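Asks:
There are 2 protein chains.
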Amino acid sequence: MKCKLCGEVAQIELRNHNISLCKGHFLEFIEKRVTKTIEKYSLFNIIDKILVAVSGGKDSLALLHILKKMGFNVTGFYINLGIPVYSDASQEKCMIFSKKYDVPIYVFDLKSFFGIGVFEISKKIRRNSCSVCGIIKRYVMNRFGLEEGYTVLATGHNLDDEASFALGSVLNFDIQRLDKDRIILPSKDKALKKVKPLSFLTEKEVAGYTILNGIDYIYDECPYSKGATSMVYKRALNLIEERSPGTKLRFFKKIIENKELFKKSQENPLEEENQFCINCGYLTYREKCNFCLIAEKLLCDNKVRCNFFDNIFQL
Amino acid sequence: MKCKLCGEVAQIELRNHNISLCKGHFLEFIEKRVTKTIEKYSLFNIIDKILVAVSGGKDSLALLHILKKMGFNVTGFYINLGIPVYSDASQEKCMIFSKKYDVPIYVFDLKSFFGIGVFEISKKIRRNSCSVCGIIKRYVMNRFGLEEGYTVLATGHNLDDEASFALGSVLNFDIQRLDKDRIILPSKDKALKKVKPLSFLTEKEVAGYTILNGIDYIYDECPYSKGATSMVYKRALNLIEERSPGTKLRFFKKIIENKELFKKSQENPLEEENQFCINCGYLTYREKCNFCLIAEKLLCDNKVRCNFFDNIFQL
Chain B
49 MKCKLCGEVA QIELRNHNIS LCKGHFLEFI EKRVTKTIEK YSLFNIIDKI
99 LVAVSGGKDS LALLHILKKM GFNVTGFYIN LGIPVYSDAS QEKCMIFSKK
149 YDVPIYVFDL KSFFGIGVFE ISKKIRRNSC SVCGIIKRYV MNRFGLEEGY
199 TVLATGHNLD DEASFALGSV LNFDIQRLDK DRIILPSKDK ALKKVKPLSF
249 LTEKEVAGYT ILNGIDYIYD ECPYSKGATS MVYKRALNLI EERSPGTKLR
299 FFKKIIENKE LFKKSQENPL EEENQFCINC GYLTYREKCN FCLIAEKLLC
349 DNKVRCNFFD NIFQL
Chain E
49 MKCKLCGEVA QIELRNHNIS LCKGHFLEFI EKRVTKTIEK YSLFNIIDKI
99 LVAVSGGKDS LALLHILKKM GFNVTGFYIN LGIPVYSDAS QEKCMIFSKK
149 YDVPIYVFDL KSFFGIGVFE ISKKIRRNSC SVCGIIKRYV MNRFGLEEGY
199 TVLATGHNLD DEASFALGSV LNFDIQRLDK DRIILPSKDK ALKKVKPLSF
249 LTEKEVAGYT ILNGIDYIYD ECPYSKGATS MVYKRALNLI EERSPGTKLR
299 FFKKIIENKE LFKKSQENPL EEENQFCINC GYLTYREKCN FCLIAEKLLC
349 DNKVRCNFFD NIFQL
């Protein structure tokens with residue numbers, strides 16, 4: 049197997065693009081594709097102050113690496129969810145990265161804020177831990193970003209994440225979930241702009257990029273995500289991709305191009321009105337935001353107002 | 049595991065309906081569901097003369113069995129495609145069924161018509177064998193049905209067939225393929241009405257019905273279908289169904305309910321005009337129909353006009 053561009057020994061075969069590439073040309077290929085996404089969708093530019101959500105996994109560290117290499121003004125943000133072994137091991141990977149590549153990474157420590165980790169919280173308030181995790185991550189990243197003057201929040205969602213979300217939405221006919229831009233979510237009052245620069249790279253491509261760059265990351269998936277339906281959608285798509293390489297990419301592109309079609313699907317679109325949480329002042333659709341409701345149930349909603357930043361430190 | 053209806057030992061668990069049933073109640077459950085489909089979509093009634101496409105497999109023999117049991121006027125039609133071992137073994141199963149249940153089954157023998165089987169034809173005319181098989185089956189069944197005074201053609205397509213077709217259409221964004229009725233295709237000039245009474249039964253349910261009724265059928269899939277993408281879509285859906293029972297059924301129902309949405313997706317809908325083949329007189333979208341084009345390439349298009357019925361006999 050030879051590199052299509054230089055004829056040297058190829059390191060990786062990309063069946064979805066019908067090419068094999070050597071290490072150097074593969075890394076270049078990935079970076080070019082990310083640049084193209086950033087430019088095509090006007091995700092951000094050189095004067096933006098970019099906060100990158102990092103988990104210690106391959107996607108978010110690859111994103112931080114690429115953006116730093118391209119010369120963007122980036123800072124990482126890690127949330128330690130208090131998952132035994134896993135959370136500290138992930139934080140360790142973030143610290144190694146921060147030192148090796150000289151990128152500041154901030155940490156919000158859930159346990160020191162709420163007294164307990166995400167799993168205990170989910171048990172206490174009787175909600176699925178993935179949903180609790182999502183609420184906390186979205187809230188904390190957004191609030192930190194806005195209050196610290198960042199202009200955009202970037203996440204490492206890859207093509208597998210996006211295609212499996214779309215597949216789930218189609219199979220359950222929640223197709224109004226597909227009517228929005230998936231790659232860029234514009235800023236609103238009290239909500240930071242959100243972007244996903246890796247949306248057109250498969251999980252395999254991102255893993256290849258991280259490994260060939262020698263970036264140390266946490267291999268394990270979150271222990272609570274094992275039974276998640278999103279994982280099953282990903283496995284199903286991988287089965288199809290194996291038979292028909294390029295399916296994920298074609299599917300996701302069509303979903304984006306046809307978002308107007310999904311708008312038409314809503315006979316009575318639920319236009320939820322933006323409100324601001326009476327406790328913390330941040331965006332919500334009800335009187336109180338989900339984060340404050342969790343805090344209230346755990347009897348520590350005062351902390352949300354007063355001590356939010358006490359639990360954030362730099363690695 | 050006990051039958052939900054009578055408390056006896058259950059024979060089968062239907063996770064998609066969240067019930068377990070004994071043999072008797074399971075067979076009743078399946079038959080009721082088919083009755084419901086026939087009535088809800090007005091597929092046919094007691095005065096119809098129904099031609100059932102049979103392959104010797106579980107779906108088509110189950111369909112023939114159910115319709116015969118319900119008192120409909122049914123006749124089977126089998127096409128021997130000349131696939132070594134497989135075709136004769138399948139025909140044998142049809143013959144056994146025909147004798148055991150006293151249902152007439154007619155046979156069209158491809159090899160005696162064209163001189164060669166479907167695989168050799170596909171090699172000779174350089175087309176995929178599944179596509180050649182489809183052209184031949186559709187043509188022969190339709191022509192025999194119309195010329196012999198049948199009023200409807202019923203096929204054994206099950207929920208797995210329909211859901212995987214829909215999944216493939218969505219993934220490849222061929223969504224205009226979903227704008228038609230999938231369960232009933234009305235008759236047109238020179239085209240028999242086509243119906244699929246098993247559309248809401250999973251492959252597993254149909255297999256259960258066939259086995260518990262002691263119907264002998266051919267277990268193997270067609271040897272040429274192994275690499276088919278439809279098989280991969282089915283495996284992918286089974287993976288998801290295993291995690292979230294009922295997904296296939298919900299998905300397919302939504303596809304049917306929302307067919308208007310897929311119509312909207314066509315900015316320039318290709319309204320193909322019906323024509324009639326200048327050779328045989330049957331429906332086509334070009335000057336000559338696909339069946340006659342195959343016959344022409346094999347230098348036997350005269351046969352289509354003159355000797356079509358010579359190759360059909362009753363089992």
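Residue numbers (our numbering), protein chains in the order written: chain B, 49 to 363; chain E, 49 to 363.
From the three backbone atoms N, C-alpha and C, an ideal C-beta is built for every residue, glycine too.
As the structure is a computational prediction, the values presented were derived from the model and not from experiment.
Please work out which residues of its chain come closer than 8 Å, Cβ to Cβ, to valine 57/B, disregarding the five sequence neighbours upstream and downstream, and give them in chain order.
Replies: Met49, Lys50, Cys51 and Cys70
Asks: If you measure beta-carbon to beta-carbon, which residues of the stretch 264-280 of chain B are closer than 7 Å to chain E?
Replies: Thr277 and Val280
Asks: If distances are taken between C-alpha atoms only, which option among Met279/B, Ile67/B and Ser292/B comes closest to tyrosine 281/E?
Replies: Ser292/B
Asks: Under three-state DSSP, which class holds serine 135/B?
Replies: Residue state for serine 135/B is assigned as helix, using DSSP reduced to three classes.
Asks: With distances taken from CA atoms, which of Thr83/B, Arg63/B, Glu76/B and Ser68/B is nearest threonine 258/B?
Replies: Glu76/B
Asks: Whole-angstrom Cβ separation of phenylalanine 167/E and serine 177/E, contact assumed at under 8 Å?
Replies: Contact annotation, phenylalanine 167/E with serine 177/E: C-beta distance approximately 6 Å; criterion of less than 8 Å satisfied.
Asks: Just to confirm the assignment, what range does the alpha helix (DSSP H) spanning threonine 203/E have?
Replies: Where threonine 203/E is concerned, there is no enclosing alpha helix (DSSP H), because DSSP gives it neither an H nor an E.
Asks: Using only CA atoms, which one of Val218/B, Tyr126/B and Arg225/B lies nearest to glycine 378/B?
Replies: Within the shown structure, residues of chain B are numbered from 49 to 363, placing residue 378/B beyond reach of any answer.
Asks: According to DSSP, is alanine 101/E helix, strand or coil?
Replies: Alanine 101/E: strand per DSSP, three-state reduction.
Asks: Excluding sequence positions up to five away, which residues of its chain have a Cβ less than 6 Å from the Cβ of glycine 216/B?
Replies: Tyr281
Asks: Three-state secondary structure (DSSP) at isoleucine 94/E?
Replies: coil
Asks: So, with DSSP's three-state summary, where would you put glycine 124/B?
Replies: Strand.
Asks: Out of Glu305/E, Lys311/E and Leu246/E, state which residue places its alpha-carbon closest to the alpha-carbon of alanine 110/E.
Replies: It is Leu246/E.
Asks: Quick one: any contact between the stretch 195-212 of chain E and the stretch 186-198 of chain B, if contact means 3 or more CB pairs under 8 Å?
Replies: Judged by Cβ distances under 8 Å, the stretch 195-212 of chain E makes no contact with the stretch 186-198 of chain B, as fewer than three pairs qualify.
Asks: On a Cα-Cα basis, can you pick out the residue from Asp358/B, Gln362/B and Lys336/B that is closest to isoleucine 183/B?
Replies: Lys336/B
Asks: Just to confirm, is the Cβ distance from lysine 116/E to tyrosine 154/E under 8 Å?
Replies: no
Asks: Can you say whether tyrosine 187/E is buried or exposed, counting buried as having 16 or more other CB atoms within 10 angstroms of its CB?
Replies: buried
Asks: How long is the line joining the alpha carbons of isoleucine 173/E and cysteine 348/E, rounded to whole angstroms?
Replies: 13 Å
Asks: Could you check where the alpha helix (DSSP H) with glutamate 321/B kicks off and where it finishes?
Replies: It is not in any alpha helix (DSSP H) - glutamate 321/B carries neither H nor E in the DSSP assignment.
Asks: Between Asn93/B, Ile303/B, Gly55/B and Ser179/B, which lies nearest to isoleucine 342/B when the distance is taken from Cα to Cα?
Replies: Per the Cα distances, Ser179/B.
Asks: By the DSSP assignment, the alpha helix (DSSP H) with leucine 109/B in it spans what residues?
Replies: 106-117
Asks: How is phenylalanine 248/E classed by DSSP in three states: helix, strand or coil?
Replies: coil
Asks: What residues of chain B sit near valine 166/E, judged by a beta carbon separation below 7 Å?
Replies: Those within 7 Å of valine 166/E in chain B number zero; the least Cβ separation is about 23 Å.
Asks: Roughly how many angstroms separate the alpha carbons of valine 243/E and asparagine 128/E, rounded to a whole number?
Replies: 22 Å
Asks: Identify whether lysine 50/B lies in helix, strand or coil by the three-state DSSP scheme.
Replies: strand
Asks: Using 8 Å as the limit for Cβ to Cβ distance, is isoleucine 288/E near chain B?
Replies: yes
Asks: What residues from chain B crowd round serine 292/E, counting only those whose CB sits closer than 9 Å?
Replies: Leu219, Asn220, Thr277 and Val280
Asks: Report, in whole angstroms, the separation of the C-beta atoms of lysine 311/B and aspartate 227/B, which I expect to be a contact under 8 Å.
Replies: Contact holds; Cβ gap of about 4 Å.
Asks: Please identify the residue among Arg298/E, Lys241/E and Ala284/E whose C-alpha is closest to the C-alpha of aspartate 96/E.
Replies: That would be Lys241/E, whose Cα lies nearest to the Cα of aspartate 96/E.
Asks: At which residues does the beta strand (DSSP E) containing leucine 69/B begin and terminate?
Replies: 67-69
Asks: Spatial neighbours of tyrosine 272/B within its chain, please: CB distance less than 6 Å, with the 5 preceding and 5 following residues excluded, ordered by chain position.
Replies: Hits under 6 Å: Ser177.
Asks: From this set, Phe356/E, Tyr265/E and Cys270/E, which residue's C-alpha is nearest methionine 143/E's C-alpha?
Replies: Tyr265/E
Asks: Verify the CB distance criterion: does arginine 225/E have a CB-CB separation below 8 Å to chain B?
Replies: no
Asks: My output table needs one value for tyrosine 149/E: the three-state DSSP class, helix, strand or coil.
Replies: helix
Asks: Let's see if you can read the secondary structure: which residues bound the alpha helix (DSSP H) around isoleucine 288/B?
Replies: 277-291
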